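Below you'll find the structure, written out as structure tokens, and then a few comments.
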Amino acid sequence: MSLMNGEQYIESLRKLKTKVYLFGERIDDWVDHPIIRPSINCVAATYDVAFSDPELGSAISNLTGEKINRFTHLHQSSEDLVKKVKLQRLLGQKTASCFQRCVGLDAINAVFSTTYEIDEKHNTEYHKNFVDFLKMVQQEDLTIDGAMTDPKGDRSKAPHQQKDQDVFVRIKEKRPDGIVVRGAKCHQTGSLNSHWHLVMPTIAMGEKDKEFAVSFACPSDVDGLYMIYGRQSCDTRKMEKDSDIDLGNKKYGGQETLVIFDDVFIPDQYVFMAGEYDFTGMMVERFAGYHRQSYGGCKVGVGDVVIGAAALAAEFNGIEKASAIKDKLIEMTHLNETMYSCGIACSCEGCQTKAGNYQIDLLLANICKQNVTRFPYEIVRLAEDIAGGLMVTMPSEKDFKSDMSIGKNGETIGEYCNKFFVANENVDTEDRMRILRFLENICLGSAAVGYRTESLHGAGSPQAQRIMISRQGNIEGKKCLAKKIAGISQK
Ligand code: SF4
Ligand code: FE
């Protein structure tokens, strides 16, 4: 089997014995849990798109020659990199959420190329191990959690200097047939919804941090792996009986968990780095570069929906013809397409790695993500400006639907709500409510994790990109250009 559809994917999760905790309790039926299920629906969309839009959603594997889901593909050209960004925009448009599966795609491409170069220098066999693992991933159409971010403890200290060494994932023990790992990864996007985890180091490391220089794969339900589910703003609205409009986005959502490795045994065949600290920087840089490219697709797709929702809110309020509204929508579009341009540009300028797959232009990918740390915030500000204060002061869905009589003439709560929140006469008040709740969800509610804070901190916080921009920006080369034209001969 090479391609699953969304339903098959959801069924495949039911077979896992993943240990997850939410609100201090173990959740056994997590696939159907109201807080978790929207994030599963989102990943399911990455499976369905392989059938509904095969040009973007699928690819031919260079390893097996079979048709596979693009989320398990090794990029074979700049065109593949462009298709990835287009696919992410499309899925952002379909879900208005983080569909999670890109972390695995970015991880497999980074680990594939890095293991090749580790083997070249150290005579190891990680690349072969990884190719075998990836063939299984492609053939079984698995979702992979690309796991990079460690809790990191005291930020002023290296891994080996930490009081509690568990704050970075490390090799606790080497055995003849594998390694035992201990530690945790936090903010793990889509981790519970993944079949396997692909762990990478979180920072460039030196010799003293050798035991922390580790990359490996393990199933999500392996012995010793636990997840503690991250909560999101307004998440308990999903637990309310019959909730619909108040959710804003009923079907889709994102997910992050804290993933704990409590002495997990990893057989040799799933180990892709074990002590080669000199390649930690390369693996981190490549994964981060791919994920910074990704944001030029996914956040743009979500931005398309936000712009559409803001335009609808204006229409429902009866102000869509005002020039100030039109200008705000133009500004939002300009910001959104600027992010997309960066995602496409860093893909077009991609180049081949020694291992044969393609990677993005690192400078342009970092510029892309730097813009993403800012523009969604401005887009959301403009959307809130257009929507008006009702977005956050409106009574609940239950009030709008209530038939409790409270007025002197028997008026119900629902009648009052509907009477006083009418705007454009041609629009149902319920539709006005729906679009405002959708905007609330994405600006301040559970989807704000994916659209705002993740835009800031996901794939590295703004300063991480600025460091890369300073490394890649070639200021010396630019000085030479200026000197030449200005007639300065000083070397
Ligand atoms: Fe994919 Fe975007 Fe979510 Fe990252 S933030 S996993 S790129 S949808
Ligand atoms: Fe992300």
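Count along the sequence shown from 1, add 58, and you get the number used in my numbering. By construction, the Cβ of each residue, glycine as well, lies at the ideal position given by its N, Cα and C atoms. Everything numeric in this text was worked out from a predicted model, so none of it was measured.
Practice task
Spell out the partners DSSP gives residue 231 in its beta bridges.
Solution key: 238
Practice task
Would you mind sorting residue 162 into buried or exposed? The rule is 16 or more other CB atoms within 10 Å of its CB.
Solution key: buried
Problem - Own chain residues within Cβ distance below 6 Å of residue 360, not counting five before or after - result: 150, 154, 509
Practice task
Compute the minimum distance between the beta carbon of residue 512 and the heavy atoms of ligand 2, and state whether it is under 6 Å.
Solution key: True, at least one ligand heavy atom lies under 6 Å from that Cβ.
Problem - Any non-hydrogen atom of ligand 1 within 6 Å of residue 160 CB - result: Distances between the C-beta of residue 160 and the heavy atoms of ligand 1 include at least one below 6 Å.
Handout entry: The beta strand (DSSP E) enclosing residue 315, as first and last residue numbers
Key = Per DSSP, residue 315 belongs to the beta strand (DSSP E) from 314-325.
Problem - Own chain partners of residue 514 with C-beta closer than 6 Å, once the 5 adjacent residues on each side are dropped - result: 431
Exercise for the section: Tell whether a beta-carbon distance below 7 Å holds between residue 177 and residue 184. Expected result: yes
Exercise for the section: Tell whether a beta-carbon distance below 7 Å holds between residue 105 and residue 67. Expected result: Yes, they are a contact pair.
Practice task
With a 10 Å radius around its C-beta and 16 neighbouring C-beta atoms as the bar for buried, classify residue 164 as buried or exposed.
Solution key: buried
Practice task
Run the proximity test for residue 264: is its beta-carbon closer than 6 Å to any non-hydrogen atom belonging to ligand 2?
Solution key: no
Exercise for the section: Please report the Cβ distance between residue 429 and residue 396, rounded to the nearest whole angstrom; I am assuming they are in contact, meaning their Cβ atoms lie under 8 Å. Expected result: 6 Å
Problem - For residue 109, the first and last residue of its enclosing alpha helix (DSSP H) - result: 95-110
Exercise for the section: Return yes when the C-beta of residue 247 is under 6 Å from any heavy atom of ligand 2, and no when it is not. Expected result: yes
Problem - Rounded straight-line distance, which links the Cα of residue 205 to that of residue 254 - result: 10 Å
Handout entry: Cα-Cα separation, residue 243 to residue 388
Key = Distance between the alpha carbons of residue 243 and residue 388 is about 40 Å.
Problem - Among 337, 301, 495, 283, nearest to residue 371 - alpha-carbon criterion - result: 495
Problem - Inter-residue CB distance, residue 315 and residue 246 (contact presumed, cutoff 8 Å) - result: 5 Å
Problem - Simplified DSSP assignment, three categories, for residue 171 - result: Residue 171: helix per DSSP, three-state reduction.
Practice task
Count the C-beta pairs between the region 365-381 and the region 126-141 that are closer than 8 Å, then say yes if the count reaches three, no if not.
Solution key: The region 365-381 vs the region 126-141: no contact.
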